[in-house]
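Going by mature numbering (1 follows the signal peptide of the UniProt record, and there is no 0), the letters in the sequence shown line up with residues -26 to -1, 1 to 74, in that order. Ideal Cβ positions, reconstructed from N, Cα and C, are used throughout, including at glycine. In this text the structure is predicted, and so the values were computed from the model without any measurement. Report on the following structure.
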Amino acid sequence: MKHALQHISLLTALLVALTLPVTANAADCFADYKAKKDNPLRLHYGVVQLQNGCSAASAKSEVAERIKRDGWTLLNVLSIFDASELSGKDSSAGQFYLRY
């Protein structure tokens, strides 16, 4: 019985340890995207930090909703990535780097 409890405790600790990085990484999801405005036509590339998950579907709806406030229309989400890939994107996104 004591041996079985030790295995259960070890297994529980292992499962908790494995879920911690996933929880931390969920807060570090970013997406880069392209958007447009009409009359006159304007385009921009931007980077956002995602709050509602890291899936392509949730990123698309989240980005579209955020940029819509300023009259932008989402063209597409290019990629979803973590903080380790942010380097260099600030110069490409300019004023739209983490703006929304």
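What are the partner residues of residue i, as DSSP defines its beta bridges?
| i | result |
| --- | --- |
| LEU17 | LYS10 |
| VAL22 | ALA5 |
| TYR74 | Partner(s): none; TYR74 has no beta bridge. |
Give the range of the alpha helix (DSSP H) segment to which residue i is assigned.
| i | result |
| --- | --- |
| SER53 | Segment 47 to 55 is the beta strand (DSSP E) holding SER53; no alpha helix (DSSP H) there. |
| GLU36 | 30 to 42 |
| SER65 | 63 to 67 |
CB-CB under 6 Å to residue i, same chain, minus the five flanking residues each way: which ones, in chain order?
| i | result |
| --- | --- |
| HIS18 | ALA9 and PHE70 |
| ARG73 | none |
| LYS34 | VAL51 |
Considering only residues of the same chain and omitting the five flanking positions on each side of residue i, which have a CB-CB separation below 8 Å?
| i | result |
| --- | --- |
| SER32 | LEU24 and ASN26 |
| LEU60 | PHE4 and VAL21 |
| GLY45 | LYS11 |
| PRO14 | none |
Please work out which residues of its chain come closer than 7 Å, Cβ to Cβ, to residue i, disregarding the five sequence neighbours upstream and downstream, and give them in chain order.
| i | result |
| --- | --- |
| ARG16 | LYS10 |
| ALA30 | VAL51 and ILE54 |
| ASP2 | ASP56 and ALA57 |
| LEU49 | LYS8, ALA9 and LYS10 |
Less than 7 Å between CB atoms is the rule here; does residue i satisfy it with respect to chain C?
| i | result |
| --- | --- |
| ASP44 | Of the protein chains in the structure, only one exists, and it is not chain C. |
Is there contact between the stretch 1 to 17 and the stretch 50 to 57, where contact requires at least three CB pairs shorter than 8 Å?
-> yes
Should the stretch 58 to 69 be called in touch with the stretch 34 to 44, which here means at least 3 C-beta pairs below 8 Å?
-> no
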